[in-house]
Each structure stands twice: as C-alpha cells, then as structure tokens.
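Below: the structure, in structure tokens.
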Amino acid sequence: MPHTRLQRSLRVTFVGMVANALLAAAKMVTGVAGHSHALVADGIESLADLLSSAIVWRGLVVAAAPADEDHPYGHGKAEPIAAAVVSTMLLLAAAGITAQAVRGIIEPHHGPSAYTLVVLIVVVVIKESLFHVVLREGARVESSAVRTDAWHHRSDAITSLAAGIGISVALIGGRGYEMADDVAAIVAAGIIAWNGWRLLRPSLDELMDASPNPAVADDIRKIATGTPGVARVEKCIVRKMGYHFFAEMHVEVEPQMTVQRAHQIAHQVKDKVRTQLPSVRDVLVHIEPAGQKRK
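Numbering (my numbering), first residue to last: 1 to 295.
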C-alpha cells in the first residue's frame, strides 16, 4: 500500500514539474515581449513552483526509504520537511512579487500588450486543473507534501488571474493605467502569502509530533478493546511519520494475570492493530494492572 501511494505521489508530482517548466518559460518570454511586469513576476513564481515540486519529489522518495540503523523510525519526517520548505517558498515568492510590483508602480513603464491575456487564460485553465487533480491525489494518499504542492498550483492560478485582471484594466484604461497589473500582482501576493502560512502550520505540527486525525486513535482503541483479556485502554498516543502512524498504548489487564499471559495479550493487540490498520507501522503496548489509581 505505501509503495502504491509513493508511485501515485511521484507520478502526479512529475506531471506538475513538467507543466511548471513549460508555463514558466511561456509566461516569462511573453511577459518580457509584452511589457507586463505582472506576467514576468508570475513566470518567476512558476519557476518557484518547479523548484518546489522537485523538493516534494525528493521528499517523497526519502520519506519512503525503509528504516535503518541511524533512522530506526524510518525517514517519514522528510515529507513534512518538504512541505514546510515549499510553504516557505510560497511566502518568499509572495514577498518577491510584492517587491517587483511596488517597483513597477514607482517606475513608469510601457503598458502590457493584448496578446499576454491569451497566455494567461491558458495558464489559469491548466493550473486550476492541476490543482484539483493534485489535491485529490494528495487526499487519497494522505500526503501533506502533495497537498501543499496542489495549493502551490492554485496560488499560481491566482497570480495569473490577478495579472489578467490587471492587464485588462491597463488595456481598457490606456495611458495612466499601466500600474494596474502591478496592483493586481500585489493583491495576488497577499493571497499567496496567506496560503503559504496556512499550509506551513500543519507541516510544523507534524514535525513536532502533534496528534494526527483523532479517528486513527479511536480506531486503534476499538481494536485493542476488542482483544480478549484487555479490560480497558487507559491511554493511546499516535503520531504521524510520513505515510505511517506510530502508536503508544497503556492497556489494562487483570492484576492477577501472569507476565507471560500479559505479554501474549500485548502482542495480540499489536498484531491486530497492524493487520486491520496497514497505515500503522508499529504499536508499543504498555501493560498495567486494572483498577489501580494513578497520579
């Protein structure tokens, strides 16, 4: 299952990389030729998209690597690291677009050419389509890095749409409205920055071992409680590591139970959880006597 997830993640990320490379080249060439600062800035943002997709690609490959002596829990943290890097790049791209747009407002420049709108319409359609495809795959494989990459496509679509609005205003208004595409770029940069921060937070949560979806812990509790010999699940802590989950449990059994029998129950709980929930890589079961008060 994890191998299939990796293949799907890598495939959709590769498609995004190819699209970003082609669109970045088209936007920058058209922007320079058509005197559109917003389109050039949009092309630079697409280059950032290309780099971010490459980072996601590498993060997914590293995260899928098996555990070794130096990394006994595996390499799953590489995925949220990649997501955090991409989110940070969104914030940096927003800052760069804002700086260039402000320069365009301060320094007079030629108005944009009408044909730049054709390129932007094509870009918006392609990037919005990529957003929906990649976001759906990210949810299917439960990958924060792939979901972040999807929102990077949406951010690119937003900047292209904003550039298109700005160029349209500049073309309709004529002389004196050249700065319209720069103003639109600043608005788009604000949206990109918001998306970057919104995506950065869950990546940091995963890196800091914040509790994942509560449903995972609930499912583990139900499986453990249904195991013969288990009186109660006193505690269940789950953390996410890439595509996998690691759980720690405090399971209560009868106080008079032998160590050997309690050990068998612990293994039964672990085996049942891993069998019924393939995404759970390991379960640490701590046995406690039932009915005793704890501080």
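By construction, the Cβ of each residue, glycine as well, lies at the ideal position given by its N, Cα and C atoms.
In this text, all values refer to a predicted model and were calculated from it rather than measured experimentally.
- Query: Can you give the Cα-Cα distance for G43 and E69, rounded to whole angstroms?
  - Reply: For the purposes of this step, residue 43 is taken as residue 43 along the sequence shown, with counting starting at 1. For the purposes of this step, residue 69 is taken as residue 69 along the sequence shown, with counting starting at 1. Going by the C-alpha atoms only, they are around 43 angstroms apart.
- Alpha carbon to alpha carbon, how far is E248 from W197? Give it in angstroms, no decimals. Locating residue 197 in the sequence shown gives position 197, where the first residue counts as 1. Locating residue 248 in the sequence shown gives position 248, where the first residue counts as 1. Between W197 and E248, the C-alpha separation is close to 31 angstroms.
- Item | Those residues which DSSP pairs with K235 across a bridge | Counting from 1 along the sequence shown, the entry for residue 235 is found at position 235. According to DSSP, K235 bridges with H250.
- Query: Quick one: Cα of C347 to Cα of R221, how far?
  - Reply: Summary: the structure shown does not reach residue 347, with the chain confined to residues 1 through 295, and so no result is reported for it.
- Pull up the DSSP beta-bridge partners for H286, would you. Within the sequence shown, residue 286 is the residue found at index 286, counting from 1. Beta-bridge pairing links H286 to H250.
- Item | Status (buried if at least 16 other CB within 10 Å, exposed otherwise) for S144 | Residue 144 sits at position 144 when you count from the first residue of the sequence shown. Flag for S144 reads buried.
- Message: Whether or not the segment 198-215 and the segment 166-177 are in contact is what I'm after, with contact meaning three or more pairs of Cβ atoms, one per stretch, closer than 8 angstroms; do they touch?
- Response: no
- Task: Indicate whether the contact test is met: 3 or more Cβ pairs, each with one atom in the segment 116-130 and one in the segment 81-88, closer than 8 angstroms.
- Result: no
- In the DSSP assignment, what are the bridge partners of K240? Here the question's residue 240 lines up with position 240 in the sequence shown. Paired residues: F245.
- Message: Comparing C-alpha positions only, which one of F14, L90, V259 and D219 sits nearest to W194?
- Response: Against the sequence shown, residue 194 aligns to sequence position 194. When only C-alpha atoms are compared, the closest one is L90.
- Query: Do you know offhand how far V12's Cα is from A215's?
  - Reply: Taking the sequence shown and counting its residues from 1, one reaches residue 12 at position 12. Taking the sequence shown and counting its residues from 1, one reaches residue 215 at position 215. Distance between the alpha carbons of V12 and A215 is about 27 angstroms.
- Item | Alpha-carbon spacing of F246 relative to R239, whole angstroms | Indexing the sequence shown from 1 puts residue 246 at position 246. Indexing the sequence shown from 1 puts residue 239 at position 239. C-alpha separation (whole angstroms): 5 angstroms.
- Do the segment 16-26 and the segment 49-68 meet, that is, are 3 or more Cβ pairs less than 8 angstroms apart? yes
- Query: Can you give the beta carbon distance from S9 to T116, rounded, assuming they're within the 8 angstroms contact cut?
  - Reply: On the sequence shown, residue 9 is found 9 positions in, with the first residue counted as 1. On the sequence shown, residue 116 is found 116 positions in, with the first residue counted as 1. Between T116 and S9 the Cβ distance is about 34 angstroms, and since that is not below 8 angstroms, they are no contact.
- Message: Classify I106: buried if its beta carbon has 16 or more other beta carbons within 10 angstroms, exposed otherwise.
- Response: The residue labelled residue 106 in the question sits at position 106 within the sequence shown. Exposed, since its Cβ has fewer than 16 Cβ neighbours within 10 Å.
- Task: Please confirm whether D156 and D49 have their CB atoms less than 8 angstroms apart.
- Result: Position 156 of the sequence shown, counted from the start, is the residue given in the question as residue 156. Position 49 of the sequence shown, counted from the start, is the residue given in the question as residue 49. Yes, these two residues count as a Cβ contact at 8 angstroms.
- Query: Looking at C-alpha atoms only, which residue of G242, P278, H244 and V230 is the closest neighbour of I287?
  - Reply: Here the question's residue 287 lines up with position 287 in the sequence shown. The shortest C-alpha separation from I287 is found at V230.
- Contact set for A266: own chain, Cβ-Cβ below 6 angstroms, skip 5 residues either direction: On the sequence shown, position 266 is the one that residue 266 refers to. These residues qualify, in order along the chain: V285 and I287.
- Message: Can you look up T13 in the DSSP assignment and give me helix, strand or coil?
- Response: Here residue 13 refers to the residue found at position 13 of the sequence shown. Three-state result, T13: helix.
- Nearest candidate by alpha-carbon position, reference L207, set L60, A64 and G76: As a position in the sequence shown, residue 207 is number 207, starting the count at 1. The shortest Cα separation from L207 among L60, A64 and G76 belongs to G76.
- Q260: first and last residue of the uninterrupted alpha helix (DSSP H) it sits in: To locate residue 260, count along the sequence shown from 1; it is residue 260. That run of the alpha helix (DSSP H) goes V259 to Q276.
- Rounded straight-line distance, which links the Cα of H153 to that of M1: In the sequence shown, the residue the question calls residue 1 occupies position 1. In the sequence shown, the residue the question calls residue 153 occupies position 153. For M1, the pLDDT reaches just 44, beneath the cut-off of 50, and the residue's location in the model is therefore unreliable, leaving the point undetermined.
- Query: Expressed to the nearest angstrom, what Euclidean distance is found between the alpha-carbon atoms of A185 and I223?
  - Reply: Against the sequence shown, residue 185 aligns to sequence position 185. Against the sequence shown, residue 223 aligns to sequence position 223. Looking at the two C-alpha atoms, the distance is approximately 52 angstroms.
- Item | Per-residue DSSP class, three states only, for V32 | Indexing the sequence shown from 1 puts residue 32 at position 32. Three-state result, V32: helix.
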